[in-house]
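Residues in the sequence shown are numbered consecutively from 9, following my numbering. C-beta: ideal position from N, C-alpha, C; glycine also. Data first, discussion second: the structure below is written as structure tokens.
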Amino acid sequence: ADGHGPGMTFFRTYSEMFDLLTRSGFSVERVVEPFPHYLTDEMDAGGGKSPYVGSYWSASRERLSRMPFAIIYLARKTA
């Protein structure tokens, strides 16, 4: 209805992803683990642009604020 297809989430360990990239011919140059920004009351109320708004985030805020929400791999194809 919103013009987007269904989303997909993969749960893999850091080492699984690293091995998958390197075995596929990529050289991993950097890994970034961004932490969620601390939200203001305005964002919690829905006034800000944040992916952490809603009942799931509110109920899990303490736990989720201690872990990165994503791991970003900077990798280059080597050959």
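Taking residue i as part of the alpha helix (DSSP H), name the residues at either end of that continuous run.
i     : result
Arg31 : Tyr22 to Arg31
By the DSSP assignment, the beta strand (DSSP E) with residue i in it spans what residues?
i     : result
Ala83 : Ile80 to Lys85
Ser35 : Phe34 to Val40
Beta carbon of residue i, beta carbon of residue j: below 8 Å?
i     : j     : result
Leu72 : Arg38 : no
Phe26 : Lys85 : no
Ile4  : Val40 : There is no way to answer for residue 4, as the model of the chain reaches only from 9 to 87.
For residue i, which of the options has the nearest alpha-carbon?
i     : options                : result
Pro42 : Met75, Lys85 and Gly13 : Met75
May I ask you to report which of helix, strand or coil DSSP gives residue i?
i     : result
Glu50 : Confidence in Glu50 is poor, its pLDDT being 47 and thus under 50, which makes the residue's placement unreliable; the coordinate value appears in the next sentence. Looking at Glu50 - three-state DSSP - the assignment turns out to be helix.
Ser73 : coil
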